[in-house]
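The block underneath contains the structure these notes are about, expressed in structure tokens.
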Amino acid sequence: MPEEKVAELVKTRAARVVVFGDGLDPDSGRELARELAGRGMRNVSFVKGGAKALFEAGLGTTGGAP
Numbered sequence: 001m002p003e004e005k006v007a008e009l010v011k012t013r014a015a016r017v018v019v020f021g022d023g024l025d026p027d028s029g030r031e032l033a034r035e036l037a038g039r040g041m042r043n044v045s046f047v048k049g050g051a052k053a054l055f056e057a058g059l060g061t062t063g064g065a066p
């Protein structure tokens, strides 16, 4: 994710952020989750297994890529 998008997301002070990867590397969001938490965002969660794991568990997604 580009730096300006990360900074923009941090500024929102979102109550909850769920990060997951997609495509060839379903765990590609792990570093982004760490970076957001390291910048002071609270309630950042990482979904191991990516979007596929969410859908297999019967959980959809709302929103989209920032």
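Residue numbers for the sequence shown follow the numbering used here, so the first one is 1 and each next one is one higher.
We put the beta carbon where it would ideally sit given N, CA and C, even for glycine.
| Item | Value |
| --- | --- |
| For residue 14 and residue 26, what's the separation of their Cα atoms in angstroms? | 23 angstroms |
| What separation, rounded to the nearest whole angstrom, lies between the Cα atoms of residue 22 and residue 41? | 22 angstroms |
| Do residue 53 and residue 47 have their beta-carbon atoms positioned less than 8 angstroms apart in this structure? | yes |
| Checking the sheet assignment: what are the DSSP bridge partners for residue 18? | 45 |
| Residue 36: buried (16+ other C-beta within 10 angstroms of its C-beta) or exposed? | buried |
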